[in-house]
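Asks: I have a structure here, written as structure tokens, and I will follow up with some questions on it.
In mature numbering (1 follows the signal peptide of the UniProt record, and there is no 0), the protein residues as written are -19 to -1, 1 to 648.
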């Protein structure tokens, strides 16, 4: 969930925020058996920040960017009556209903079909439902039985989907502009399943059941489990299967375990798995040392630039004892002597949550690390992160200078012309459960997103400051962007724009960056339902017992047509092939016409060198709406080296609509 600090924040909140919530009352729940899905995440990358090309960064931006970057600006014509009838179900950490983003000014009563309830929280005509689930049976002091959000995550994701437009918001002046969701007129129903100590499978399943019964139209789940959990043991896979059967789309985060391959979570084919990408805003933080040399780092430094510089010290030179020198260099807690650190800026060998320098009385922190090279985090002190090469330069300066000093500037926002790029932490495919189903499906903005936040949550680890809007990163932030696009058009998955090249190509970003505007008029769609997914599971080798655990009904493999997982009518086409030998794979697909009643589509093929793609037939002629046509795609090529990935695509075009299906073959 969210960025790498989300779980840590949940525990820290115990010590620094109040548990009171004036709009909540307390009500008990029965104990239940629990299986835990933890929210922890790791983010790895070994590229120095010095690889940042500053020539792609230009003028300062002064607004919140993500929806505008997707072309979904505030000027897009809206159908407010229809949108106000849409109910978005959020399965998350709760919500802060007093946020201005959830004002119900101008809203009428909830849709008549709504069957939900509000438990221990004050709802309105915007937040029309709120439930909470706690199978753990206990609460930390900052929490109590209610859907109130004391972590901030659920408030952030809910406002990204359907928050009202609120002007002139920022995080201490950074990313100033109008914060808004994709569909400000939509209604929100919150299902709180995640607490400071994690999220329980039992609670997730109960939330799905209630959301379906309550009458939501789409479900957003910014909660990630293990990438290798079998569908029949995965609460989100099971819950989203039941939602799919009810005609409800589930959007879920792909996970924050990148950039290693095979780390994508929430990979069931009946839900949309979302990768995280950058927007054209980059937040950078400069420092200046005593010789007037300036170095660009990355962080969200909300503290104003001071007129004077501060004494600069290496953490390892402030060790509490000789046997703690390495730990002090890494700035670990209780490893540095407060007498040597107090009032100074500390250079650390490793990125961390800076609790060590903070406790020792540091004035600021500079961390030299090549991990997290593209992710700006907030900290409770003036802080920036530079690459290891710059760290070595700073060490030479410290060693050669009698009285070294440094100044940390407040963060700046610049235009990044290279966006969108997949963020380093975003989990990659291939799908570890069904390799021939491409996951993630699409990518959406998930880097440095400004949205509403709970004032009862710390804005960063060990931070005593309270904010109403915060900047967060993670596939958790990408997921609600896809949810918002889905609210406008459920077949949006066919509408994604190819992205800048990534070493893992479609395994990193799926079909590419979502395009909410084109999703409204897709032209052709790939339709699949419960019977299709059951057939896929049977062809993968699932037995009747496992399938019934998924479906909750009497589904079985008896009488199911034998075939290949690749024959699932999926918008993308993926195949795992053996290395070092030629390959040839077939994909059977069916498209349905939802564009012009009388139309003719022609197939356009694009492929990597050495890959051959044949489409049969190449022309599809439709005479009426909802008419279906079948076609076969055959992909062949010479032997691939082990670990390699090749890409291709089939684009159906009638001169107006362009329906693209990515193809990825990996050895």
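Each residue gets a CB set at the ideal place from its N, CA and C atoms; glycine is no exception.
Going by the beta-carbon positions, is the gap between residue 638 and residue 617 smaller than 8 Å?
Replies: It is not a contact, given that the beta carbons lie outside the stated cut-off.
Asks: Along the chain, where does the alpha helix (DSSP H) that runs through residue 460 open and close?
Replies: Residues 456 to 469.
Asks: Ignore the nearest five residues each way along the sequence and tell me which others in residue 220's own chain have a CB closer than 7 Å to its CB.
Replies: Taken in chain order, the residues that qualify are 185, 186, 189.
Asks: Go ahead and pull the three-state DSSP assignment for residue 645.
Replies: Three-state DSSP puts residue 645 in a strand.
Asks: Just tell me which of 182, 122, 78, 201 has its CA closest to the CA of residue 456.
Replies: Residue 201 is the option with its Cα nearest to residue 456.
Asks: Using 8 Å as the threshold, is the C-beta distance between residue 139 and residue 169 below it?
Replies: The answer is yes: Cβ separation under 8 Å.
Asks: Can at least three beta-carbon pairs, one atom from the stretch 507 to 521 and one from the stretch 214 to 232, be found at a separation below 8 Å?
Replies: Yes, since at least three Cβ pairs between the stretch 507 to 521 and the stretch 214 to 232 fall closer than 8 Å, the two stretches touch.
Asks: For a test of the three-state rule: what should DSSP assign to residue 335, helix, strand or coil?
Replies: Note: residue 335 maps to coil in three-state DSSP.
Asks: Keeping to the same chain, check which residues put their C-beta closer than 6 Å to that of residue 267; ignore five residues upstream and five downstream.
Replies: Taken in chain order, the residues that qualify are 275, 277, 390.
Asks: Rounded to whole angstroms, what's the CA-CA distance from residue 250 to residue 574? Just pull it up for me.
Replies: If you take the alpha carbons of residue 250 and residue 574, they lie about 22 Å apart.
Asks: Could you give the residue range of the beta strand (DSSP E) that holds residue 490?
Replies: Counting along the chain, residue 490 falls outside any beta strand (DSSP E), though it belongs to the alpha helix (DSSP H) covering 487 to 490.
Asks: Would residue 152 and residue 281 qualify as a contact pair, given that the criterion is a beta-carbon distance under 8 Å?
Replies: Cβ atoms of residue 152 and residue 281: closer than 8 Å.
Asks: Find out if the Cβ-Cβ distance for the pair residue 645, residue 596 is shorter than 8 Å.
Replies: Cβ atoms of residue 645 and residue 596: not closer than 8 Å.
Asks: Could you tell me which of 628, 435, 237, 167 sits nearest to residue 464, measuring between CA atoms?
Replies: The residue with the shortest Cα to Cα distance from residue 464 is 167.
Asks: Considering only their Cβ atoms, is the gap separating residue 319 from residue 327 smaller than 8 Å?
Replies: Contact flag unset, no.
Asks: Measuring straight from C-alpha to C-alpha, what distance separates residue 10 and residue 325?
Replies: Residue placement at residue 10 is poorly supported in this model, since its pLDDT is 27, which falls under 50; the coordinates still yield a value, given next. Each residue's alpha carbon lies about 49 Å from the other.
Asks: Taking the alpha-carbon positions, what's the residue 531 to residue 148 distance?
Replies: In a straight line, the C-alpha of residue 531 is about 44 Å away from that of residue 148.
Asks: Would you kindly check if the distance between the Cβ of residue 113 and the Cβ of residue 173 is under 8 Å?
Replies: Yes, the Cβ-Cβ distance between residue 173 and residue 113 is below 8 Å.
Asks: In angstroms with no decimal places, state the Cα-to-Cα distance between residue 477 and residue 498.
Replies: For residue 477 and residue 498, the distance between alpha carbons rounds to 10 Å.
Asks: What do you get for residue 244, buried or exposed, if any count of 16 or more other CB atoms within 10 angstroms of its CB means buried?
Replies: By the 10 Å Cβ count, residue 244 comes out buried.
Asks: Which value, in whole angstroms, describes the spacing of the CA atoms of residue 333 and residue 444?
Replies: Distance between the alpha carbons of residue 333 and residue 444: 14 Å.
Asks: So does the stretch 379 to 394 actually touch the stretch 208 to 216, counting three or more Cβ pairs closer than 8 Å?
Replies: The answer is no - the stretch 208 to 216 does not touch the stretch 379 to 394, with fewer than three Cβ pairs under 8 Å.
Asks: Ends of the beta strand (DSSP E) at residue 327?
Replies: Element bounds for residue 327: 326 to 329.
Asks: Figure out for me which residue from 116, 564, 406 has the closest Cα to the Cα of residue 622.
Replies: Looking at the Cα atoms, 564 is the closest of the given residues.
Asks: According to DSSP, is residue 359 helix, strand or coil?
Replies: Note: residue 359 maps to strand in three-state DSSP.
Asks: Taking only three categories from DSSP, how would you classify residue 610?
Replies: It is a strand residue.
Asks: Decide if residue 404 is buried, meaning its Cβ has at least 16 other Cβ atoms within 10 Å, or exposed.
Replies: Buried is the call here.
Asks: To the nearest angstrom, how far is the alpha carbon of residue 450 from that of residue 432?
Replies: Answer to the nearest angstrom: the Cα atoms are 5 Å apart.
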